[in-house]
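*Asks:* My questions will all concern the structure given below.
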Amino acid sequence: MTSQLLTPTQNSFPPREISAIKVMVTHLCHENGFSPGILRISGIKSGSKHNIILFTWILTTLSPGSRMAPCMHYVLRTPRMQGAIPDLWILRTAAFDFISAKHFEVPKLYAYDARCGNAIRSPYIIQQQVEGYTLLEKYRVLYHNYLTYDHYKPCSDYGEAASIISMYIERQELAYQFEYYGTLQLIQGMALQSSIPDRVKDRIGLDVKPFTNTLSMKANSKAIDFILELLFMSESQMRNPDQEVKYRKIRHIALCIKVLDGNDIYRAAHRPEPSVLWHPNFQPSKIMMTATPYDENASDVSNDDPTRIESYKLEAVLGWEGVMALPRIMTRCPPYFCWGEGPQVHVVDKCIWKYTCVDEMIEEGLPGWCEDAYGEMSRIVRALGFYALFGVDFEWYELPFEVLIDAWMLIDPETRDLEYATK
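For the sequence shown, the positions run 36 to 458 when the numbering used here is used.
This is the structure in structure tokens:
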């Protein structure tokens, strides 16, 4: 699908006056077939790329026996700059949310329009307003309780959160088995607008466009072949002297691993790798959750009591811009934040909940996950993959570039200085 290229201009929506915004969004809700109701705007935010309007739609008709008017909470997103029409970001986001909601927690899609012929004269997407707070906010509360009340129960607090993250990681990996490694692109004939996505579900979808049209981009190829293909493809790119040195080091390591396919040390690089979904920004600030006390009838326990034990529920994972289909070993980076946040954790406690709430749980559903996540060669292969994909200056926190080089230097010296590997 192609867009008509236009010079980007400032989006005229939303206007400055809140009253004008209410009128336009109300018309938009009517346009999308919302039941009769009253609109209440609860927040307006403007980011570098998108405008966000949080609003509540309060129904004006009561259901039989109801004393309070039911209401729904929504998020309206529009591009900050209007350029290509139809807006491909709107379409990709709508397609991803609609398809993925069947498999794991993402904001529910209610309506979208990639064009400007609507009540707000702008491309838009209307999604569910996710309840709760981010995992990052929860960690801050736990840390505050630790500093203020000296309350510290890692297995019940941090371990509970880690458990829901572990279950989500399993669902995300098993959700899709793609045919190629690549980017997610819109299917031909994607519906440009819908107020009831289920009615056009056959025209909402994404396909994987391989990074290159070579055999090493097919699913179940070896990770090292995928990495070398990307490196060879970028060989002629312009680089400054420092970047060129880094590129040659990466290529040297990859070639060494390639020629040593018979050595068991390097097996992580030579296994067939399925193509699975990769979240580009999986961190606590993108994980929305709610928490309720295990014993909700315990009236003597205050909501502010740091000792109360809570049950967590994952509401949604946000931040899917830039999602890709990658070799599985590259997607199995451990959720380090599950045991790296909060107070200075006792080593014994960390090992207990890390093993029981993360490693053991994920390994049960995804056999081989721990080796891919923590194995030294697996970590090296994963880092090579991301530097080959995004460039040598990419900030890969698991193995920063110099740490990667140090990790490689710990490998058998006889294997790291092969002359023919650097030619």
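Glycine residues also receive a C-beta, built at the ideal position from the N, C-alpha and C atoms. Bear in mind that the values here come from a model prediction, so they are computed numbers and not experimental data.
#1: In this structure, how does DSSP classify A289 when only helix, strand and coil are distinguished?
#2: Under a Cβ-count criterion, where at least 16 other Cβ atoms within 10 Å of its own Cβ denotes burial, should L445 be classed as buried or exposed?
#3: Within 10 angstroms of its Cβ, does E264 collect 16 or more other Cβ (buried), or is it exposed?
#4: Give the C-beta separation of S74 and F90 to the nearest angstrom, bearing in mind that I take them to be a contact with Cβ-Cβ under 8 Å.
#5: Which partner residues of T44 appear in the DSSP bridge assignment?
#6: In the structure shown, what three-state DSSP assignment does S334 receive?
#7: Between which two residues does the beta strand (DSSP E) harbouring M323 extend?
#8: Does D242 come out as helix, strand or coil in the three-state DSSP assignment?
#9: I need the straight-line Cα distance from S334 to T391, nearest angstrom please.
#10: Can you give the Cα-Cα distance for S269 and R175, rounded to whole angstroms?
#11: Are there 16 or more other CB atoms within 10 angstroms of the CB of K296, so buried, or fewer, so exposed?
#12: Let me check understanding here. Comparing Cα to Cα, which of R102, L94 and R414 lies closest to P71?
#13: Could you spell out the range, first to last residue, of the alpha helix (DSSP H) harbouring A408?
#14: I need the boundaries of the alpha helix (DSSP H) containing E31, first residue and last residue.
#15: Apart from the five residues just before and just after A442, which ones in its own chain have a Cβ nearer than 6 Å to its Cβ?
#16: Per DSSP, what are the beta-bridge partners of K80 in this structure?
#17: Is V352 helix, strand or coil by DSSP?
#18: In whole angstroms, what separates the C-alpha of P50 from that of E205?
#19: Counting C-beta neighbours from all protein chains within 10 Å, is the total for I231 16 or more, i.e. buried, or is it exposed?
#20: Can you give me the C-alpha to C-alpha distance between A119 and S271, rounded to a whole angstrom?
#21: Hey, P319 and L171 are a contact pair by Cβ (cut 8 Å); roughly how many whole angstroms apart?
#22: By the 10 Å Cβ neighbour count, where 16 or more other Cβ atoms means buried, how is P114 classified, buried or exposed?
#23: Ordered along the chain, which non-local residues of its own chain (more than five positions away) have a Cβ less than 6 Å from that of Y203?
#24: Is it buried or exposed for Q45, if we count other Cβ within 10 angstroms and need 16 for buried?
#25: Residues in its own chain within less than 8 Å of V235 by CB, not counting five upstream and five downstream?
#26: On the DSSP bridge assignment, give the partners of D148 in chain order.
#27: Please work out which residues of its chain come closer than 8 Å, Cβ to Cβ, to G82, disregarding the five sequence neighbours upstream and downstream, and give them in chain order.
#28: Ignoring anything shorter than 4 residues or poking outside the segment 95-141, list the alpha helix (DSSP H) runs there in chain order.
#29: Tell me whether Y178 sits in a helix, a strand or coil according to DSSP, three-state version.
#30: Taking only three categories from DSSP, how would you classify G167?
#31: To the nearest angstrom, how far is the alpha carbon of A423 from that of R417?
*Replies:* From the atom records:
#1: Taking the sequence shown and counting its residues from 1, the one referred to as residue 289 is at position 254. In the three-state scheme derived from DSSP, where H, G and I count as helix and E and B as strand, A289 is classed as helix.
#2: Position 410 of the sequence shown, counting from 1, holds the residue named residue 445. So L445 ends up on the exposed side.
#3: Looking up residue 264 in the sequence shown gives position 229. By the Cβ-count criterion, E264 is buried, with 16 or more other Cβ atoms from all chains shown falling within 10 Å of its own Cβ.
#4: Working through the sequence shown from its first residue, we reach residue 74 at position 39. Working through the sequence shown from its first residue, we reach residue 90 at position 55. Reading the sequence as shown, one finds Leu at residue 74 and not Ser. Indeed, because the Cβ distance is near 6 Å, the residues count as touching under 8 Å.
#5: As a position in the sequence shown, residue 44 is number 9, starting the count at 1. Bridge partners of T44 according to DSSP: Q117.
#6: Along the sequence shown, one-based indexing puts residue 334 at 299. Below a pLDDT of 50, predicted positions are generally treated as unreliable, and S334, at 48, falls in that range; the measurement from the model is reported next regardless. The three-state reading of DSSP puts S334 in coil, since its state is none of H, G, I, E or B.
#7: Translated into the one-based positions of the sequence shown, residue 323 becomes position 288. Annotation for M323: the continuous beta strand (DSSP E) segment containing it runs I322 to P328.
#8: Counting from one through the sequence shown, the residue named residue 242 turns up at place 207. The answer is strand: DSSP assigns D242 an E or B state.
#9: Within the sequence shown, numbered from 1, the residue matching residue 334 stands at position 299. Within the sequence shown, numbered from 1, the residue matching residue 391 stands at position 356. Low per-residue confidence applies at S334: pLDDT is 48, beneath 50, and the placement is therefore not dependable enough to give any value.
#10: Along the sequence shown, one-based indexing puts residue 269 at 234. Along the sequence shown, one-based indexing puts residue 175 at 140. Going from the Cα of S269 to the Cα of R175 covers about 42 Å.
#11: Translated into the one-based positions of the sequence shown, residue 296 becomes position 261. Checking the sequence, you will find Asp at residue 296 rather than Lys. Exposed is the label assigned to D296, since fewer than 16 other Cβ atoms lie within 10 Å of its Cβ.
#12: Position 36 of the sequence shown holds residue 71. Closest by C-alpha distance to P71, out of R102, L94 and R414, is L94.
#13: Indexing the sequence shown from 1 puts residue 408 at position 373. Taken as a continuous stretch (DSSP letters only), the alpha helix (DSSP H) holding A408 covers W404 to Y409.
#14: In the structure displayed, the chain extends from 36 to 458; residue 31 sits before or after that span and is not available.
#15: Here residue 442 refers to the residue found at position 407 when the sequence shown is read from its first residue. Contacts found: I415.
#16: The residue labelled residue 80 in the question sits at position 45 within the sequence shown. Looking at the DSSP assignment, K80 forms a beta bridge with I87.
#17: For this step, residue 352 is matched to residue 317 along the sequence shown. In the structure shown, V352 sits in a strand (DSSP, three-state: E or B).
#18: Along the sequence shown, one-based indexing puts residue 50 at 15. Along the sequence shown, one-based indexing puts residue 205 at 170. So the two alpha carbons sit approximately 43 Å from each other.
#19: In the sequence shown, residue 231 corresponds to position 196, counting from 1. Taking all protein chains in view, the Cβ of I231 is surrounded by fewer than 16 other Cβ atoms within 10 Å, so the residue is classified as exposed.
#20: One-based indexing of the sequence shown puts residue 119 at position 84. One-based indexing of the sequence shown puts residue 271 at position 236. Between the alpha carbons of A119 and S271 lies a distance of about 30 Å.
#21: Taking the first residue of the sequence shown as position 1, residue 319 is located at position 284. Taking the first residue of the sequence shown as position 1, residue 171 is located at position 136. Approximately 4 Å separates the beta-carbon atoms of P319 and L171; this is inside 8 Å, confirming the contact.
#22: Indexing the sequence shown from 1 puts residue 114 at position 79. When all chains shown are included, P114 counts as buried.
#23: Position 168 of the sequence shown, counted from the first residue, corresponds to residue 203. The residues are L349.
#24: Within the sequence shown, numbered from 1, the residue matching residue 45 stands at position 10. By the neighbour-count criterion, in which a residue is buried when 16 or more other Cβ atoms sit within 10 angstroms of its Cβ, Q45 is exposed.
#25: In the sequence shown, residue 235 corresponds to position 200, counting from 1. A226 and S229, listed in sequence order.
#26: As a working note, residue 148 is residue 113 in the sequence shown. The partner list for D148 (beta bridge, DSSP) reads Y159 and Q228.
#27: On the sequence shown, position 47 is the one that residue 82 refers to. For G82, same chain residues with a beta-carbon under 8 Å away, outside a window of 5 residues either side, are R115 in chain order.
#28: Counting whole runs of 4 or more residues, the segment 95-141 contains the alpha helix (DSSP H) stretches 123-135.
#29: Locating residue 178 in the sequence shown gives position 143, where the first residue counts as 1. Helix.
#30: For this step, residue 167 is matched to residue 132 along the sequence shown. Of the three classes helix, strand and coil, the one that applies to G167 here is coil, per DSSP.
#31: Along the sequence shown, one-based indexing puts residue 423 at 388. Along the sequence shown, one-based indexing puts residue 417 at 382. Distance between the alpha carbons of A423 and R417 is about 10 Å.
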